[in-house]
Amino acid sequence: MHKVIFDTDPGVDDAMALLFLERHPDIDLIGITTAFGNASIETTTRNAQYLKQQWNMSAPIAKGSAAQFDPSRVAHAFPAHIHGDDGLGNIGVPDVVDVALDPRPAHQLIIDTVKANPGEVTLVAVGRMTNLANALKAAPEIAGLVREVVIMGGAVDVPGNVTPAAEANIHGDPEAADYIMIAPWKVVVVGLDVTLKTTMSRTELGELAKSGGEAVQLLDRLSQFYIDFYDDKVADSMVVHDTCACVYVVARDLFTTRAGAVRVMTTGIGEGKTIQKPAGQRFGPSDWDGKPDQLVCVDVQADAVMKLVKETLARR
Ligand code: BDR
Ligand code: CA
Numbered sequence: 451m452h453k454v455i456f457d458t459d460p461g462v463d464d465a466m467a468l469l470f471l472e473r474h475p476d477i478d479l480i481g482i483t484t485a486f487g488n489a490s491i492e493t494t495t496r497n498a499q500y501l502k503q504q505w506n507m508s509a510p511i512a513k514g515s516a517a518q519f520d521p522s523r524v525a526h527a528f529p530a531h532i533h534g535d536d537g538l539g540n541i542g543v544p545d546v547v548d549v550a551l552d553p554r555p556a557h558q559l560i561i562d563t564v565k566a567n568p569g570e571v572t573l574v575a576v577g578r579m580t581n582l583a584n585a586l587k588a589a590p591e592i593a594g595l596v597r598e599v600v601i602m603g604g605a606v607d608v609p610g611n612v613t614p615a616a617e618a619n620i621h622g623d624p625e626a627a628d629y630i631m632i633a634p635w636k637v638v639v640v641g642l643d644v645t646l647k648t649t650m651s652r653t654e655l656g657e658l659a660k661s662g663g664e665a666v667q668l669l670d671r672l673s674q675f676y677i678d679f680y681d682d683k684v685a686d687s688m689v690v691h692d693t694c695a696c697v698y699v700v701a702r703d704l705f706t707t708r709a710g711a712v713r714v715m716t717t718g719i720g721e722g723k724t725i726q727k728p729a730g731q732r733f734g735p736s737d738w739d740g741k742p743d744q745l746v747c748v749d750v751q752a753d754a755v756m757k758l759v760k761e762t763l764a765r766r
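Spelled out as structure tokens, the structure:
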């Protein structure tokens, strides 16, 4: 059984990932923490509350930081053209959802839960890495207590999706991302190198909605806007970035990984770029020296991943 805290910015593909975690029999979802990114922190938190209510979930939700790890950093605009003004495909989420929030800020819920379950918690982060960095900064000792950190973020051997260099989750808070990459814990980077290969077509999602009940019908509805956006990249389909990272937790053998220290550029035209120094490859002295080896996913058995996603979402 994998105890998971899900750090997320729902977000259409985040919503699918959340349902995957909730429905997978080997995952015990013990906390949800919200990040800004696909929309403001108010909106992503409200969306997490809405999905918890609609999907009858029990995990506590703690609201994340509204500011980047470096508070002097100017925030980017939210991608309403991808996830809708409401962050969930403009389906008309109520402004206020009557679901209680955990009283603690996200980073504190992470710290407390990790300390209460030493060596057992997997952190799955699919938004900006802000909450993870805040948790590490406030309690560096959790690095030795977390089982693993699996992130959706980065573009290591492929172009980014916000700039030619950077992927959105890293670009949105590069200092946070660099901080978590060089901490003494195990990070697995599930970035665009693999997530762009995992797609679900509109037809497949529609079929799933028939077998998966009301929960998947909601997922189908809220995904339509996002599928329209992705149409010029993957015909009539959605890229399931965040679910792909969740699949790694339960089926890591479907991924090919490469070890090596990872750093994030925080300035210049490459701001937000994730760069790995492959372990064993020799270079002159560099900023990667002495940093822990992390795992970057460089390939994926996409058909097998999507089979597992569909089987899991269809469970009731
Ligand atoms: C990532 O950015 C967000 O739009 C998605 O939810 C995903 O986590 C993809 O770059
Ligand atoms: Ca996300």
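Using the numbering used here, the letters of the sequence shown correspond one by one to residues 451 to 766. Backbone N, C-alpha and C define an ideal beta-carbon position, used for all residues, glycine too. Predicted model only: the values in this text are computed from it and were never measured.
- Relative to the Cα of R702, the nearest Cα in the group M715, H533 and A752 belongs to A752.
- Within the DSSP secondary-structure output, M466 pairs in no beta bridge.
- The C-beta separation of D623 from F519 comes to about 6 Å, placing the pair in contact by the 8 Å criterion.
- A straight line joining the alpha-carbon of G487 with that of Q731 spans about 35 Å.
- E492 is the residue among E492, V549 and Q503 whose C-alpha sits nearest the C-alpha of G537.
- Its chain contains T693, C696, V759, T762 and L763 as the residues whose beta carbon lies nearer than 7 Å to that of F470, once the 5 sequence neighbours on both sides are disregarded; these appear in chain order.
- Straight across, the Cα-Cα distance linking I511 with N581 is about 13 Å.
- In terms of side-chain proximity, the C-beta atom of T458 is found nearer than 7 Å to a non-hydrogen atom of ligand 2.
- Taking C-beta separations shorter than 6 Å and ignoring five residues to either side along the sequence, the partners of I630 in its chain run M579, L582 and A583, following chain order.
- In the DSSP assignment, H533 falls outside any beta strand (DSSP E) and within the unbroken alpha helix (DSSP H) covering A530 to H533.
- Scanning the segment 472-537 for uninterrupted alpha helix (DSSP H) segments of 4 residues or longer gives 491-504 and 530-533, listed from N- to C-terminal end.
- Cβ atoms of G461 and L559 stay farther apart than 8 Å, at about 19 Å.
- For M602, the enclosing beta strand (DSSP E) has its first and last residue at E598 to M602.
- Proximity of the beta carbon of V639 to ligand 2 is not indicated: no heavy atom of the ligand is located closer than 7 Å.
- In the structure shown, G594 falls within a helical segment according to DSSP collapsed to helix, strand and coil.
- Beta-bridge analysis with DSSP links L559 to no other residue.
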